[in-house]
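Engineer: Pasting a structure below so you can have a look.
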Amino acid sequence: MRGEARINTNRLKSFPKRILVHNPKGGVGKTVVAALATEWFLYRGLTVNLIDADGNHSSQEWIDNNRDEGREIVTPIDPDIEIVDTKGAPGSAAAFLRASDLILTPFQLYGYDLSEVIEMFDSLPIDLRRSLGFIPNRVRAMGLTCEQRDGFDQIENLIRQEGTGQLLPGLVDRVAVYPNLFNGSRVNFFEQHAGNGTSVVNAQQEASHLFKEVERLLGLGPRAPR
Ligand SMILES: Nc1ncnc2c1ncn2[C@@H]1O[C@H](COP(=O)(O)OP(=O)(O)O)[C@@H](O)[C@H]1O
Ligand SMILES: [Mg+2]
Numbered sequence: 000m001r002g003e004a005r006i007n008t009n010r011l012k013s014f015p016k017r018i019l020v021h022n023p024k025g026g027v028g029k030t031v032v033a034a035l036a037t038e039w040f041l042y043r044g045l046t047v048n049l050i051d052a053d054g055n056h057s058s059q060e061w062i063d064n065n066r067d068e069g070r071e072i073v074t075p076i077d078p079d080i081e082i083v084d085t086k087g088a089p090g091s092a093a094a095f096l097r098a099s100d101l102i103l104t105p106f107q108l109y110g111y112d113l114s115e116v117i118e119m120f121d122s123l124p125i126d127l128r129r130s131l132g133f134i135p136n137r138v139r140a141m142g143l144t145c146e147q148r149d150g151f152d153q154i155e156n157l158i159r160q161e162g163t164g165q166l167l168p169g170l171v172d173r174v175a176v177y178p179n180l181f182n183g184s185r186v187n188f189f190e191q192h193a194g195n196g197t198s199v200v201n202a203q204q205e206a207s208h209l210f211k212e213v214e215r216l217l218g219l220g221p222r223a224p225r
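Written as structure tokens, this is what we have:
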């Protein structure tokens, strides 16, 4: 992918912008979203600190794997963006909630996952619900299944009823792309060149769509021209 203008950091009013990635359930894509968000903001010319608050240390392993590839991705001191990747357990984000500008909640569009996520949303104080963005993950590339469509409807209804929170662009199920991300790479995910129509290019486009919305929610200035 190419052609994205860099963010002018002079426009950022307060540093760092803090993103919390949370869902009380494991295996829903928190670390994928945290890693992609890190890659996106690096790609946009910002410095990032990715904080691994999960005892499984998947984010830390990804940081280490990139370092082994010769790429240092984290800036622990005075970063522009701070991203906290949490553990998939109820209450694991409590310490970070108040300090966050934005809570990103990847989830899968299945009944059981949804009920946990809805319960988590309901348990948040109202002011924090406003800064929560739901990210449907592992959406079927060929279009939604009936169950996924129902899941979308449930989240949309919840947001409408409560009058707060937002549904962000989702990520497609791309087994050829996301598991490999964790191996680390010499090249930023968004700068990797792949042929048109390949899963990598599709994933880059889907993720850039998502993170432009994330930038908007963080108040990072007008959208950059394509
Ligand atoms: N959109 C996706 N497409 C394909 N595989 C995915 C996707 N999102 C997550 N995965 C895979 O699912 C597994 C769990 O994701 P992960 O981000 O580690 O979840 P969590 O941090 O919530 O426990 C990982 O192996 C990851 O590569
Ligand atoms: Mg994780």
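Just so we're aligned, residue 0 is where the sequence shown starts under numbering that gives the first Met the number 0, counting upward by one. The beta-carbon is built from N, C-alpha and C at its ideal position, and this holds for glycine as well.
Work out the CA separation of residue 106 and residue 24 for me, nearest whole Å.
Structural biologist: Within the sequence shown, numbered from 1, the residue matching residue 24 stands at position 25. Within the sequence shown, numbered from 1, the residue matching residue 106 stands at position 107. If you take the alpha carbons of residue 24 and residue 106, they lie about 8 Å apart.
Engineer: Would the C-beta of residue 211 count as close to ligand 1, meaning under 7 Å from any of its heavy atoms?
Structural biologist: Position 212 of the sequence shown holds residue 211. Residue 211 Cβ: outside cutoff for every heavy atom of ligand 1.
Engineer: With DSSP run on the structure shown, which of helix, strand or coil describes residue 144?
Structural biologist: Position 145 of the sequence shown, counted from the first residue, corresponds to residue 144. Here residue 144 sits in coil by DSSP.
Engineer: Looking at the secondary structure, which residues open and close the alpha helix (DSSP H) in which residue 191 lies?
Structural biologist: Looking up residue 191 in the sequence shown gives position 192. Note, residue 191: premise wrong, no alpha helix (DSSP H); not H, not E.
Engineer: Just the C-alpha distance for residue 208 and residue 168, rounded to the nearest angstrom, thanks.
Structural biologist: As a first step, residue 208 must be located in the sequence shown, where it is residue number 209. As a first step, residue 168 must be located in the sequence shown, where it is residue number 169. Distance between the alpha carbons of residue 208 and residue 168: 7 Å.
Engineer: Does the structure place the stretch 190-198 close enough to the stretch 52-64 that three or more beta carbon pairs sit under 8 Å?
Structural biologist: No, they do not touch.
Engineer: Go ahead and pull the three-state DSSP assignment for residue 123.
Structural biologist: Looking up residue 123 in the sequence shown gives position 124. Looking at residue 123 - three-state DSSP - the assignment turns out to be coil, as it is neither helix nor strand.
Engineer: Is any non-hydrogen atom of ligand 1 found closer than 7 Å to the C-beta of residue 128, if you look at the structure I gave you?
Structural biologist: By 1-based counting over the sequence shown, the position of residue 128 is 129. No, Cβ of residue 128 sits at least 7 Å from all heavy atoms of ligand 1.
Engineer: Closer than 7 Å by C-beta to residue 187: which residues in its own chain qualify, once you throw out the five before and the five after it? Chain order, please.
Structural biologist: Here residue 187 refers to the residue found at position 188 of the sequence shown. Taken in chain order, the residues that qualify are 38, 41 and 42.
Engineer: Assuming the contact rule is C-beta atoms closer than 8 Å, residue 80 and residue 32 should be a hit. Round their C-beta distance to whole Å, please.
Structural biologist: On the sequence shown, position 81 is the one that residue 80 refers to. On the sequence shown, position 33 is the one that residue 32 refers to. Actually they do not touch by this definition, with Cβ atoms about 14 Å apart.
Engineer: Is DSSP giving residue 219 helix, strand or coil here?
Structural biologist: To locate residue 219, count along the sequence shown from 1; it is residue 220. Coil, per DSSP.
Engineer: Just mark residue 130 as buried or exposed, buried being the case when its beta carbon has 16 or more other beta carbons within 10 Å.
Structural biologist: Along the sequence shown, one-based indexing puts residue 130 at 131. Looking at its Cβ environment, which holds 16 or more other Cβ atoms inside 10 Å, residue 130 is buried.
Engineer: For residue 164, tell me which candidate among 124, 75, 89 and 44 has the shortest Cα-Cα distance.
Structural biologist: As a working mapping, residue 164 is identified with position 165 in the sequence shown. It is 124.
Engineer: Hey, is the stretch 106-123 in contact with the stretch 147-163, meaning 3+ C-beta pairs nearer than 8 Å?
Structural biologist: Result yes; three or more Cβ-Cβ pairs closer than 8 Å.
Engineer: If we require 4 or more residues per run, which alpha helix (DSSP H) segments fall completely within the stretch 24-72?
Structural biologist: For the stretch 24-72, whole alpha helix (DSSP H) runs of length 4 or above, ordered along the chain, are 29-42 and 57-67.
Engineer: Evaluate the contact criterion for the stretch 92-101 versus the stretch 55-74: three or more CB pairs, one atom per stretch, below 8 Å.
Structural biologist: No, the stretch 92-101 does not touch the stretch 55-74.
Engineer: Per DSSP, what kind of secondary structure is residue 224 in: helix, strand or coil?
Structural biologist: As a working mapping, residue 224 is identified with position 225 in the sequence shown. Residue placement at residue 224 cannot be trusted, given a pLDDT of 42 that sits under 50; the coordinates are not used to answer.
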